[in-house]
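Numbering (our numbering), first residue to last: 21 to 167. Here a beta-carbon is modelled for each residue, glycine too, at the ideal position from N, C-alpha and C. Following: one structure in structure tokens, then a few remarks.
Pasting the structure below:
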């Protein structure tokens, strides 16, 4: 029997979403982070259009209008959307590919992250067992270099 594999595109972390906003990410999307600014114990949560408060897709500029001094909304792009945005708007390409790693002489597969810019390759080189972590670190690197 064939095993069904489900692939879901993951949303970037709140930290990366805030960095993307600082560098002009303003695409209209249907998912964002909601942050309660009054609570010290509140964990930011992902919300989707059609929920309790917001019924349509919005950009970061639209979300700023509904944010208050008590709560904040920030667009939460998927990793793939942010990779494409960085490529189209800032000429950065992010890649993660399988690579061999060894632990006690046993080979296993991890992921290596590489970042390129149209002016030439950059010096980002990150390897980890978790693909999503490699992509997150690549985003942080790109925004650090862009400063």
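Three CB pairs or more closer than 8 Å across the segment 80 to 94 and the segment 133 to 146: no
According to DSSP, residues forming a beta bridge with residue 66: 53
Terminal residues of the alpha helix (DSSP H) in which residue 91 lies: Residue 91 -> not in any alpha helix (DSSP H); beta strand (DSSP E) instead, spanning 91 to 95.
Let me know if residue 20 comes out buried or exposed under the rule of 16 or more other beta-carbons within 10 Å of its beta-carbon. Outside the displayed range of the chain (21 to 167) lies residue 20, so it cannot be described from this structure.
If you draw a straight line from the alpha carbon of residue 161 to that of residue 38, how long is it in whole angstroms? 14 Å
Which of the three DSSP states, helix, strand or coil, is assigned to residue 108? helix
8 Å Cβ cutoff met for residue 121 and residue 115: The answer is no: Cβ separation not under 8 Å.
May I ask you to report which of helix, strand or coil DSSP gives residue 43? coil
Check whether residue 54 and residue 91 have beta carbons under 8 Å apart: yes
Does the beta-carbon distance from residue 119 to residue 130 come in below 8 Å? yes
By alpha-carbon positions, which one of 63, 61, 57 and 49 ends up nearest to residue 74? 49
Range of the contiguous beta strand (DSSP E) that encloses residue 147: 140 to 148
Where do the ends of the beta strand (DSSP E) carrying residue 128 lie? Note, residue 128: beta strand (DSSP E), 126 to 137.
For the alpha helix (DSSP H) that contains residue 76, what are its first and last residues? Neither: residue 76 is in no alpha helix (DSSP H) and is coded neither H nor E.
Rounded to the nearest angstrom, what separates residue 42 and residue 22 at their Cα positions? 45 Å
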